[in-house]
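Chemist: This is the structure I want to talk about, given as C-alpha cells.
Structural data, given as C-alpha cells:
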C-alpha cells in the first residue's frame with residue numbers, strides 16, 4: 001500500500017499529527033519493511049515533528065534496538081532534540097531500555113543533553 005501511494009506521487013515527508021511523519025509512524029508501529037521502504041525512497045531521517053520528535057526517538061521509545069541501529073547506520077542525528085522526550089537517550093532512559101541506552105552512548109549520545117519534559121537522561125531514568 002505504501003509503495004502504491006509513493007508510486008502515485010504521495011509526499012514522503014509530510015508533517016503533522018501525533019506521529020509527525022510517515023517514517024516516524026512506521027518506526028513507532030515497528031513496521032521494519034515500511035521503514036526501509038521509506039528510507040530507500042528518500043524519507044528525511046532527521047525531520048523533527050510530532051510527539052516523538054524524530055524517528056530515532058520513536059525507535060528508542062519503542063525499545064526497538066534493531067530499528068535504532070538501522071537509523072543510526074542511515075545517518076540519524078543521535079543528539080537531535082525535539083518532541084516530548086528531548087533526545088533518543090532520554091526516551092530510552094524513561095522506559096529503562098538499558099541496551100538501547102548503551103548503544104546510543106557507544107555511538108556518541110550526549111549523556112548530559114538538556115531538553116524534553118524530564119530535562120536530562122538521568123532525570124528521565
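Residue numbers (the UniProt record's numbering): 1 to 125. C-beta: ideal position from N, C-alpha, C; glycine also.
#1: What is the rounded straight-line gap between the Cα of residue 72 and the Cα of residue 39?
#2: Mind listing, in chain order, the continuous alpha helix (DSSP H) runs of no fewer than 4 residues lying wholly within the UniProt repeat "ANK" (51–83)?
#3: Alpha carbons only, please: which of 107, 89, 64 is nearest the one belonging to residue 28?
#4: What does the alpha-carbon distance come out to for the pair residue 9 and residue 74?
#5: Identify the residues that DSSP records as bridge partners of residue 134: which are they?
#6: Just the Cα atoms here: how many angstroms apart are residue 57 and residue 91?
#7: Do you know how far the Cα of residue 83 is from the Cα of residue 115?
Modeler: Judging by the given coordinates:
#1: Numbered from its first residue, the chain shown carries residue 72 at position 72. Numbered from its first residue, the chain shown carries residue 39 at position 39. If I take the Cα positions, the gap works out to 12 Å.
#2: Qualifying alpha helix (DSSP H) stretches, in chain order: 55–62, 65–73.
#3: As a first step, residue 28 is located in the chain shown; it is residue number 28 there, counting from the start. Measuring from the Cα of residue 28, the nearest candidate turns out to be 64.
#4: Taking the chain shown and counting its residues from 1, the one referred to as residue 9 is at position 9. Taking the chain shown and counting its residues from 1, the one referred to as residue 74 is at position 74. The straight-line gap from Cα to Cα measures roughly 24 Å.
#5: The shown model of the chain, from 1 to 125, leaves out residue 134, and the question about it has no answer.
#6: By one-based count along the chain shown, residue 57 stands at place 57. By one-based count along the chain shown, residue 91 stands at place 91. Linking residue 57 to residue 91 through their CA atoms gives a straight-line distance of about 6 Å.
#7: Here residue 115 is taken as the residue at index 115 of the chain shown, counted from 1. Here residue 83 is taken as the residue at index 83 of the chain shown, counted from 1. If you take the alpha carbons of residue 115 and residue 83, they lie about 9 Å apart.
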